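Q:
There are 2 protein chains.
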Amino acid sequence: MPKNLLIAQSGGPTSAINASLSGIIQEAMRHSEIGEIYGAVNGIEGVLDRKIIELKSQFPTQKEFELLECTPAMALGSCRFRLPALDDKPSVYDEISAIFEEYNIGYFFYIGGNDSMDTAHKLSIYFTREQRDVRVIGVPKTIDNDLPNTDHTPGFGSAAKFIATSMMEIIRDCEVYYLDSVTIVEIMGRNAGWLAAAAALPHTVGCAAPHLIYLPEAPFDPEEFLKDVRRVQAQHKAVIVAVSEGIRLADGRYVSESMQSGMVDAFGHKYLSGVGKYLERLVAERIGCKVRSVELNVLQRCAGHMLSATDITEARKLGAHAVRFALIGETGKMVVLNRVSQQPYLVRTELADISQVANLEKTFPTQWISPEGNAVTQEAFSYLLPLIQGDVSYPTRNGMPLHFHFEKNYVKPPVRRA
Amino acid sequence: MPKNLLIAQSGGPTSAINASLSGIIQEAMRHSEIGEIYGAVNGIEGVLDRKIIELKSQFPTQKEFELLECTPAMALGSCRFRLPALDDKPSVYDEISAIFEEYNIGYFFYIGGNDSMDTAHKLSIYFTREQRDVRVIGVPKTIDNDLPNTDHTPGFGSAAKFIATSMMEIIRDCEVYYLDSVTIVEIMGRNAGWLAAAAALPHTVGCAAPHLIYLPEAPFDPEEFLKDVRRVQAQHKAVIVAVSEGIRLADGRYVSESMQSGMVDAFGHKYLSGVGKYLERLVAERIGCKVRSVELNVLQRCAGHMLSATDITEARKLGAHAVRFALIGETGKMVVLNRVSQQPYLVRTELADISQVANLEKTFPTQWISPEGNAVTQEAFSYLLPLIQGDVSYPTRNGMPLHFHFEKNYVKPPVRRA
Numbered sequence: 001m002p003k004n005l006l007i008a009q010s011g012g013p014t015s016a017i018n019a020s021l022s023g024i025i026q027e028a029m030r031h032s033e034i035g036e037i038y039g040a041v042n043g044i045e046g047v048l049d050r051k052i053i054e055l056k057s058q059f060p061t062q063k064e065f066e067l068l069e070c071t072p073a074m075a076l077g078s079c080r081f082r083l084p085a086l087d088d089k090p091s092v093y094d095e096i097s098a099i100f101e102e103y104n105i106g107y108f109f110y111i112g113g114n115d116s117m118d119t120a121h122k123l124s125i126y127f128t129r130e131q132r133d134v135r136v137i138g139v140p141k142t143i144d145n146d147l148p149n150t151d152h153t154p155g156f157g158s159a160a161k162f163i164a165t166s167m168m169e170i171i172r173d174c175e176v177y178y179l180d181s182v183t184i185v186e187i188m189g190r191n192a193g194w195l196a197a198a199a200a201l202p203h204t205v206g207c208a209a210p211h212l213i214y215l216p217e218a219p220f221d222p223e224e225f226l227k228d229v230r231r232v233q234a235q236h237k238a239v240i241v242a243v244s245e246g247i248r249l250a251d252g253r254y255v256s257e258s259m260q261s262g263m264v265d266a267f268g269h270k271y272l273s274g275v276g277k278y279l280e281r282l283v284a285e286r287i288g289c290k291v292r293s294v295e296l297n298v299l300q301r302c303a304g305h306m307l308s309a310t311d312i313t314e315a316r317k318l319g320a321h322a323v324r325f326a327l328i329g330e331t332g333k334m335v336v337l338n339r340v341s342q343q344p345y346l347v348r349t350e351l352a353d354i355s356q357v358a359n360l361e362k363t364f365p366t367q368w369i370s371p372e373g374n375a376v377t378q379e380a381f382s383y384l385l386p387l388i389q390g391d392v393s394y395p396t397r398n399g400m401p402l403h404f405h406f407e408k409n410y411v412k413p414p415v416r417r418a
Numbered sequence: 419m420p421k422n423l424l425i426a427q428s429g430g431p432t433s434a435i436n437a438s439l440s441g442i443i444q445e446a447m448r449h450s451e452i453g454e455i456y457g458a459v460n461g462i463e464g465v466l467d468r469k470i471i472e473l474k475s476q477f478p479t480q481k482e483f484e485l486l487e488c489t490p491a492m493a494l495g496s497c498r499f500r501l502p503a504l505d506d507k508p509s510v511y512d513e514i515s516a517i518f519e520e521y522n523i524g525y526f527f528y529i530g531g532n533d534s535m536d537t538a539h540k541l542s543i544y545f546t547r548e549q550r551d552v553r554v555i556g557v558p559k560t561i562d563n564d565l566p567n568t569d570h571t572p573g574f575g576s577a578a579k580f581i582a583t584s585m586m587e588i589i590r591d592c593e594v595y596y597l598d599s600v601t602i603v604e605i606m607g608r609n610a611g612w613l614a615a616a617a618a619l620p621h622t623v624g625c626a627a628p629h630l631i632y633l634p635e636a637p638f639d640p641e642e643f644l645k646d647v648r649r650v651q652a653q654h655k656a657v658i659v660a661v662s663e664g665i666r667l668a669d670g671r672y673v674s675e676s677m678q679s680g681m682v683d684a685f686g687h688k689y690l691s692g693v694g695k696y697l698e699r700l701v702a703e704r705i706g707c708k709v710r711s712v713e714l715n716v717l718q719r720c721a722g723h724m725l726s727a728t729d730i731t732e733a734r735k736l737g738a739h740a741v742r743f744a745l746i747g748e749t750g751k752m753v754v755l756n757r758v759s760q761q762p763y764l765v766r767t768e769l770a771d772i773s774q775v776a777n778l779e780k781t782f783p784t785q786w787i788s789p790e791g792n793a794v795t796q797e798a799f800s801y802l803l804p805l806i807q808g809d810v811s812y813p814t815r816n817g818m819p820l821h822f823h824f825e826k827n828y829v830k831p832p833v834r835r836a
């Protein structure tokens, strides 16, 4: 009897994560070595709760795959649950293993970011140690683009495209008045400046704005910031600033920290927000001109109406390749993108040891930041531009985008243990 | 010698305001009774500063008009300057009149909202009183949709489409986690709930969310709000709330007021922001679940990548009709849209006395709000849906939208007074 395949999605939403899911399902359907195709609802937590649904029958035609690929945020739901250390609580692993046996799972794909790769890593170690033939492959996604050993991550390109487009439009909006003003645009990215750097892409089409860009990789000095703003304002009345949520002072503290409650999420990450508001108040108090802060917020990670075709194509391919790699016996690996040529832009799908990805962060290269720490270089644009190219059309109803929804009927295990 | 035409734009940005500008220029170019076509940079302030540019030569082909029409925010720049009362400071009017004489202006078009219509109104009274043949026509624009005597205003449809689409995507984003959460989406609109009502449009495609909608036209009670949230949370773990920036308590105070500095703009309007943050803190303190607020902010008024074709077509037509009305001798009027049929949707361009528009607000009908004050009725959807239909394609460069820019070379008056 062929082994079955199980897919789960985890971490924070992106608008390309369902393209990877689509790629996995489509590829798996082509191989008779694979039996049923299951999805776990709400990540590894859903596995433990046996919230398992059958996927194949939900794709009668190619149209459903196309709809899934332009639907933002994990269609299978997500979780923020992290598996305990292997030796701390082996019972959880035994439980997952038993459920996998019940459902005859031979292939497990986890689509997620740094934290999800930690889960995939631990599971692959467990199954190898227990000599169980369950192949575990990680499929990357994160708008933050902070996974190492891959040129970039699916989800980043579409988020970058939304940010660059929004910046173009915010620039138009800010320039209409003939008065001194400062607009601060706060962008996601946690400790990595990749997304905030994308806010500078309007420079490549001749815009002077955003005039100042601050990334977490360069220490932030509020006094230097005020000097920067005053200097720019002498030339351009409407100063536009792009700032990463994760900028820090020279002593390592988050700039937004004084504004925060000190909350941390399940992974111990500081809950960040508010750097835009903080800088808004700083400008109001110290410069006193008209000032506004704009938080792109969740829109930048779920804008399914503004997908990068490059991103969606790559996300789908990574999913498909993950299946092929699993079929030839790979496990404990993550599929990655290797940029083999810049012009023309060309990427190759490869494998990386998941241990070299889990829990690690790839930050923005400091040599791509200006010495003053308030701009990015041409190298950054060369890196970023190919990732936001191409549009993806999407079906609409009543003038709004249509989205894909799974029927979430949980299935009983096909094979009962005696 | 034919009289010349002057156009200016004013108030807050919309993404349809340049379509009206395009309509005026295109129509004016068809009539030999009109000589030069001028634009004033930065509204009536630009007129006073003689920041006047020549427009005809900047449109060598139809392509430039198409680019202008998908460029958000006034391409001629804006101002927030309000003319003093006629009898308070007649010298300003005499100055404008002298400038109009220098440039031989016989037609003046002011594209703007309530406040701009006040300026157009005063000017038309002045010119009539002084027996000067300058025809003044107001062309409406405002995302707030709060102008009376017109079925709706250009700019509203595109903003509504962006809001409805963003809500669809925020719903996808919020539903991925299996935990109690509240997401509050703050929407513009000042004292009118039209835009916030558009956030409910996902209901027409089968979404249960947003589960609660609060408009300025229904008094807001924080305790009732908490009850509403708790009730919804029992059914849907991820509660999504759409709230207008202008909601008020029963005593008339803005809900956000306690959070504000009491700042007012040049027109004495309260500077509003922060109701989303206020409700976020309220939920955090009183309910204690995961909570986030999302401010759509300026994105909703400048999203040139998400235009309603209906909106852009109507905005262009209103501009064109304004020119035709001026040519047959009308003055002191605003062009308006009259919905003559709902199915099929059909609007007629008509004229309204500008005195019946200036400084007045048209708010959302209270009979379209549920008795509980937390939802909108089917009538609202029937009204809103036609306004967000159709897409407008836009040219791109480097994966970002291209925008139109005027060459801003100020021209000397063609006719010098002796």
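Those protein sequence lines, which keep their order, are chains L and B. Note that my numbering has the first sequence beginning at 1, numbered continuously upward. Note that my numbering has the second sequence beginning at 419, numbered continuously upward. By construction, the Cβ of each residue, glycine as well, lies at the ideal position given by its N, Cα and C atoms. Since the structure is predicted, the reported quantities are computational estimates derived from the model, not experimental observations.
1. Can you name, in chain order, every residue of its own chain whose Cβ lies under 8 Å from the Cβ of L/S293, other than the five neighbours on each side?
2. Should B/I631 and B/A616 be called a contact, given that it needs their Cβ atoms to be closer than 7 Å?
3. With a threshold of 16 other CB atoms inside 10 Å of the CB of L/S22, please say whether the residue is buried or exposed.
4. Between L/N398 and B/E513, what straight-line distance do the alpha-carbon atoms span, to the nearest angstrom?
5. Which partner residues of B/V661 appear in the DSSP bridge assignment?
6. Give, in chain order, every unbroken run of the alpha helix (DSSP H) that is at least 4 residues long and sits entirely within the region 465–500 of chain B.
7. Candidates L/G113, L/G112 and L/A98: which alpha carbon is nearest L/G106's?
8. Our contact map puts B/V753 next to B/H739 with C-beta atoms below 8 Å; I'd like the distance itself, whole angstroms only.
9. Please report the residue range of the beta strand (DSSP E) in which B/E713 lies.
10. If distances are taken between C-alpha atoms only, which option among B/S584, B/K540, B/T583 and B/D533 comes closest to B/K559?
11. Pick from L/N191, L/T331 and L/T165: whose alpha carbon is nearest that of L/T363?
12. What does B/G611 touch in chain L if you count any residue whose Cβ is under 9 Å from its own?
13. Quick one, are the C-beta atoms of L/P216 and L/M167 less than 7 Å apart?
14. Mark L/M400 as exposed unless 16 or more other C-beta atoms lie within 10 angstroms of its C-beta, in which case mark it buried.
15. Do L/P90 and L/C302 have their C-beta atoms closer together than 7 Å?
16. How about B/M681: is its C-beta nearer than 7 Å to some C-beta of chain L?
17. Out of B/V794, B/D562, B/L597 and B/A577, point me to the one whose CA is closest to B/P783's CA.
18. Which residues in chain L have a C-beta closer than 7 Å to the C-beta of B/K579? List them in chain order.
19. On the three-state DSSP scale, how would you describe B/L424?
20. What first and last residue would you give for the alpha helix (DSSP H) that runs through B/R448?
21. Hey, is L/P72's beta-carbon within less than 7 Å of any beta-carbon in chain B?
22. In the region 710–728 of chain B, which residues sit with their C-beta less than 9 Å from some C-beta in chain L, listed in chain order?
23. Quick one: does B/Y632 have its CB under 7 Å from some CB of chain L?
24. Name the DSSP beta bridge partners of L/L346, please?
25. Would L/V239 be called buried (16 or more neighbouring beta carbons within 10 Å of its own) or exposed?
26. Is it right to say L/G252 is buried, meaning 16 or more other beta carbons lie within 10 angstroms of its own, or is it exposed?
27. Closest Cβ-Cβ distance between B/L769 and chain L: below 7 Å?
28. Please classify L/T119: is it buried, with 16 or more other beta-carbons within 10 angstroms of its beta-carbon, or exposed?
29. Answer yes or no: do B/G607 and B/S662 have a C-beta to C-beta separation smaller than 7 Å?
30. Out of curiosity, what's the CA-to-CA distance linking L/V241 and L/A208?
31. Using only the alpha-carbon positions, how far apart do B/S433 and B/E520 sit?
32. For B/V554, which of helix, strand or coil comes out of DSSP?
33. Assign L/P84 to one of two classes, buried (16 or more other C-beta atoms within 10 Å of its C-beta) or exposed (fewer than that).
34. For L/P13, return the contacting residues in chain B, with the cut-off set at a CB-CB distance below 8 Å.
35. What residue from B/I435, B/G457 and B/I443 has the CA that sits closest to B/L424's CA?
36. When the cut-off is 7 Å and only beta carbons count, does L/I388 lie next to chain B?
A: Taking the definition as stated:
1. Answer for L/S293: T183, I184, V185, E186, G276, K277, L279 and E280, listed in chain order.
2. Contact flag unset, no.
3. Around the Cβ of L/S22, a 10 Å sphere holds 16 or more other Cβ atoms; the residue is buried.
4. Spanning the two alpha carbons is a distance of roughly 50 Å.
5. Per DSSP, B/E604 and B/Y632.
6. Counting only runs of at least 4 residues, the region 465–500 of chain B fully encloses the following alpha helix (DSSP H) elements, listed from N- to C-terminal order: 480–487.
7. The alpha carbon of L/G106 has as its nearest neighbour, out of L/G113, L/G112 and L/A98, the alpha carbon of L/A98.
8. Between B/H739 and B/V753 the Cβ distance is about 5 Å, and since that is below 8 Å, they are a contact.
9. K708 to E713 is the extent of the beta strand (DSSP E) around B/E713.
10. When each option's Cα is compared against that of B/K559, the closest is B/D533.
11. Minimum Cα distance to L/T363 is reached at L/N191.
12. The contacting residues do not exist; B/G611 stays about 19 Å from chain L at best.
13. Contact flag unset, no.
14. By the beta-carbon neighbour count (other beta carbons within 10 angstroms, threshold 16), L/M400 is buried.
15. Taking 7 Å as the Cβ cut-off, L/P90 and L/C302 do not qualify as a contacting pair.
16. Unreliable positioning characterises B/M681 in this predicted model, as indicated by a pLDDT of 49, which lies under 50. The coordinate reading is nonetheless provided below. Interface flag for B/M681 against chain L is unset, since no Cβ pair is found closer than 7 Å.
17. Measuring from the Cα of B/P783, the nearest candidate turns out to be B/V794.
18. What B/K579 touches in chain L: G399.
19. Strand, per DSSP.
20. It is not in any alpha helix (DSSP H) - B/R448 carries neither H nor E in the DSSP assignment.
21. Judged by the 7 Å Cβ criterion, L/P72 is in contact with chain B.
22. Result list: R710, S711, V712, E713, L714, N715, V716, L717, R719, C720, A721, G722, H723, M724, S726 and T728.
23. Judged by the 7 Å Cβ criterion, B/Y632 is not in contact with chain L.
24. Note: L/L346 sits in a beta bridge opposite L/S341.
25. A residue is called buried once 16 or more other Cβ atoms fall within 10 Å of its Cβ, and L/V239 is buried on that count.
26. The Cβ neighbour count for L/G252, taken over all protein chains shown within 10 Å, is under 16; the residue is labelled exposed.
27. Contact with chain L is absent for B/L769, since none of that chain's Cβ atoms lies less than 7 Å from the residue's Cβ.
28. Around the beta carbon of L/T119, 16 or more other beta carbons sit within 10 angstroms, so the residue counts as buried.
29. It is a contact, given that the beta carbons lie within the stated cut-off.
30. Cα to Cα, the separation comes out at about 11 Å.
31. Between the alpha carbons of B/S433 and B/E520 lies a distance of about 33 Å.
32. Note: B/V554 maps to strand in three-state DSSP.
33. Exposed, by the Cβ-count rule.
34. Chain-order list of chain B residues neighbouring L/P13: R590, D591 and V594, by C-beta distance under 8 Å.
35. By alpha-carbon distance to B/L424, the top candidate from B/I435, B/G457 and B/I443 is B/G457.
36. With 7 Å as the cut-off, L/I388 counts as an interface residue toward chain B.
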